[in-house]
Amino acid sequence: MVNNFAYAMPVKIEFGAGVSKKLFEITKNAGLMRGILICDKMFEANGTAAQIAKNTPSICGVYCEITPNPLLCEVEAAARLLREKRVDYVAALGGGSSLDLAKFACSLALSDRPAEEYFYKRAVFANRHIPLFAMPTTAGTGSEVTPVSVCNDQTTGIKAPLSHPNFYPHTALIDPELTLSVPSFVTATTGLDAMSHALEAIWSVNHQPICDALAAEALSSIFRHLEQAYDDGGNLEARTGMSYGALLAGLAFGQTKTAAVHACSYPFSSRFHLSHGEACAFTLDLFVRINAEAGRIDALSKKLGFENAEAMADRIFRLKKKFGLKTTLADIGSPDVRSLAEECVAHPLFQNNPVKLTVEELAAYFKAFL
Ligand SMILES: NC(=O)c1ccc[n+]([C@@H]2O[C@H](COP(=O)([O-])OP(=O)(O)OC[C@H]3O[C@@H](n4cnc5c(N)ncnc54)[C@H](O)[C@@H]3O)[C@@H](O)[C@H]2O)c1
Ligand SMILES: [Fe+2]
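Just so we're aligned, residue 2 is where the sequence shown starts under this note's numbering, counting upward by one.
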């Protein structure tokens, strides 16, 4: 029997090769006349930002001071520019880092309080923001359709997700051609991030039928195309399959939230300086094994053409090896497993995992499998 559920997602989606060229038409049709492009520095360096500005005459400036893992001071700087330029829209071009910075800046620009107050939840945004047009250049985070922004406090080193309905972009222009230049290692880590979103949406305690369906289709596309996109970055069909998979995974986990893999990713990325995707991948196959029955992953794996959940976990492990990712505790410097497990279990997202584990149980899994 299907239980009661709700699904709401306000982002308009334009998907397909070349759709980023429609930015001017789409913003103009929305009555927007003056925008800023927020983009990854490499797109300024390689001329893509200039090309977009040329095709979009309403763009009156570019902001590109963004580090991977965007900082609150960068959000502040972008918000200042939005205020100065008096823009009525923002276009964001880049991976999750650029999109997340832009989401936060679009609300902060209309506030007179500092970013820290919102980041540490001492303040809540008023219900107004500058509309954002998100153009992802990686196939991973799904940030283009989620209300989440992950930023870092440069003073404390704390990295945390902030979620607010303001953060939903107005429109996502998902153009797989923008991902053709992603280097193979980033293709691997962002692709496994997307795979983690889909699996976590399915095994989350908040899972529901629409998200289950979206996530299963996401997984089918990601398993079919990830290795191909890694081997041959110029393959538009593989890139399109990955952009599609990452989008559907974003539509799923945006409602259900993620679970243990993402809970663990925060300590793993901050302690061992792994990118978000590599940190998720580090425990992904382990949690496929742990959540196999409770998370309905055994049944899902069969639908995806695997013999069982173990076989799916083995496939993920082989992909990680092929991609040259870190897979063992020794690879990350043989850390103190007990304190690591403590931090993972304490993360709020850990509560969304279908299998409840104590610190001792998680530490024992880490020692046995990693
Ligand atoms: N908002 C969300 O819902 C959500 C979900 C998951 C992760 N995140 C966050 O997103 C961030 C990671 O985003 P990401 O994985 O997309 O990586 P990213 O934006 O940090 O980019 C990674 C690297 O790839 C490069 N790059 C991006 N696109 C490229 C392209 N087309 N060609 C060549 N190089 C390119 C960037 O310059 C950068 O060096 C993390 O901070 C993570 O915590 C957010
Ligand atoms: Fe993620």
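Just so you know, even glycine gets a beta-carbon here, dropped at the ideal spot from N, CA and C.
The structure displayed is predicted, hence computed values, not measured ones.
Close-in-space but distant-in-sequence residues of the same chain around residue i (CB under 6 angstroms, 5 per side omitted)
i	result
Val149	Pro162, Ser164
Phe168	Lys104, Pro148, Ser150
His226	Ala239, Gly242, Met243
Ile291	Val356
Candidates the options, of which the one nearest residue i by Cα
i	options	result
Val76	Asp337, Ile53, Cys152, Arg290	Cys152
Thr157	Thr284, Ala214, Leu102, Cys74	Cys74
Pro170	Ala199, Arg129, Lys160, Leu181	Arg129
Ala217	Asn236, Ala195, Leu24, Phe273	Ala195
Ser224	His208, Ala250, Pro210, Gly235	Per the sequence shown, the amino acid found at residue 224 is Phe instead of Ser. The shortest Cα separation from Phe224 among His208, Ala250, Pro210, Gly235 belongs to Ala250.
Leu320	Asp299, Cys345, Asn354, Asp232	Asp232
Phe186	Ala253, His277, Pro166	His277
Gly48	Asp101, Pro71, Leu179	Leu179
Pro268	Pro349, Asn207, Tyr245	Pro349
Asn5	Asp176, Leu102, Gln209, Lys29	Gln209
Ala140	Asn207, Leu237, Ile333, Ala247	Ala247
Ala135	Ala173, Asn70, Thr28, Ala54	Ala173
Gln256	Gly97, Ile203, Leu330, Phe120	Ile203
Thr28	Ala46, Ile60, Ile211	Ile60
Proximity test, residue i beta-carbon vs ligand 2 heavy atom, cut-off 7 angstroms
i	result
Ile332	Reading the sequence as shown, one finds Asp at residue 332 and not Ile. Outside the cutoff, so no.
Asp194	yes
Cys281	yes
Within 8 angstroms, strictly: CB atoms of residue i and residue j
i	j	result
Ala342	Leu363	yes
Glu201	Val262	yes
Ala295	Ser302	no
Val125	Val12	no
Ser197	Cys265	no
Cys107	Val91	yes
Val63	Ala80	no
Thr142	Ser205	no
Ser271	Lys122	no
Asp299	Ala314	no
Leu305	Ser222	no
Ala293	Ala253	no
Ile53	Leu24	yes
Check: residue i C-beta below 7 angstroms from any heavy atom of ligand 1
i	result
Ser98	yes
His277	yes
Met243	no
Pro184	yes
Thr57	no
Leu305	no
Val12	no
Met34	no
Met43	yes
Gly141	yes
Ser144	yes
Own chain, CB closer than 7 angstroms to residue i, minus 5 neighbours either side, in chain order
i	result
Ser99	Ile39, Cys40, Asp41, Ile67, Ala93
Lys368	Val338
Lys22	Asn56
Gly234	Leu181, Val183, Ser185, Thr188
Residue i CB to nearest heavy atom of ligand 3 below 7 angstroms
i	result
Pro69	Although ligand 3 was asked about, the structure shown includes only ligand 1 and ligand 2 as ligands.
Cβ neighbours of residue i in the same chain (closer than 8 angstroms, five flanking residues each side left out)
i	result
Phe318	Asp286, Thr328
contact_flag[the region 79-88, the region 36-46] where n(CB pairs < 8 angstroms) is 3 or more: yes
Segment contact, 8 angstroms Cβ cut-off, at least three pairs: the region 317-325 with the region 183-203: yes
The region 236-255 in contact with the region 10-24 per 3-pair CB rule at 8 angstroms: yes
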